[in-house]
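In my numbering, each residue's number is its place in the sequence shown (first place is 1) plus 122. Shown next, in structure tokens, is the structure this report addresses.
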Amino acid sequence: MESTVRTFQVFGLTSSLLLAGVNLGSSHLTVPFLYNQPTSVNTPFFKEFYTRGALTLVPLAIFSGASSGIVAYIPPAQRTLWIVAAVTTLSQLPWTGLGMMATNTRLNDIAASSVEQEKASQQEVVNLLKKW
């Protein structure tokens, strides 16, 4: 049982660190480079970036949260800490769905249509990217 707990601790911690690194890197290192790009460049890039991120990070968040949840369930000694870790990791999923989806959808809609790219102002796109 101890080796199972250790394995899930490593999975939960490692995957949450990877998730945090990708999220921070995306928000603070990659997206700001898009601010000065034309709408015809930054919105298609964002759409591809967002789609790849969703395909990778959603399963990773679920895996990380589940791993931390398993550790919280098995040994009671550090249950509270691992519950907090699981909830914190999984909380980004509803936050994205409820808090950020309008921004993501608007950016993706602009990216998908040359008409929308022409209608959208550079300032609107930059504001959406900064909000993201």
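Cβ coordinates follow ideal geometry from the N, Cα and C atoms, glycine included.
Roughly how many angstroms separate the alpha carbons of residue i and residue j, rounded to a whole number?
i, j, result
"T165", "P198", "47 Å"
"A234", "T129", "43 Å"
"E246", "A188", "38 Å"
"Q244", "T178", "29 Å"
"L156", "E238", "17 Å"
"T227", "V153", "16 Å"
"P160", "S125", "53 Å"
"Y195", "L212", "16 Å"
"F79", "G134", "In this structure the chain extends from 123 to 254, so residue 79 is not present and cannot be described."
"W204", "S190", "5 Å"
"E170", "A242", "19 Å"
Do you know whose CA, among the options, lies nearest residue i's CA?
i, options, result
"T210", "T129, F167, S137 and S125", "S137"
"V144", "V163, Y172 and S125", "Y172"
"I232", "V163, L139 and L146", "V163"
"G221", "K253, R201 and A208", "K253"
"P180", "T218, K241, L139 and V132", "In the sequence as presented, Pro is not what sits at residue 180; that position holds Val. The residue with the shortest Cα to Cα distance from V180 is T218."
Report the three-state DSSP secondary structure of residue i (helix, strand or coil).
i, result
"S213", "coil"
"P198", "coil"
"A207", "helix"
"Q131", "helix"
"A234", "helix"
"Y157", "coil"
"M123", "coil"
"S190", "helix"
"S137", "helix"
What do you reckon, are the CB atoms on residue i and residue j nearer than 8 Å?
i, j, result
"T127", "V193", "Residue identity check: residue 127 is Val in the sequence provided, not Thr. Yes."
"A176", "Q214", "no"
"F168", "L251", "yes"
Compare the C-beta of residue i against all C-beta atoms of chain C and say whether one is closer than 8 Å.
i, result
"S162", "Among the chains in the structure shown there is no chain C, since it carries only a single protein chain."
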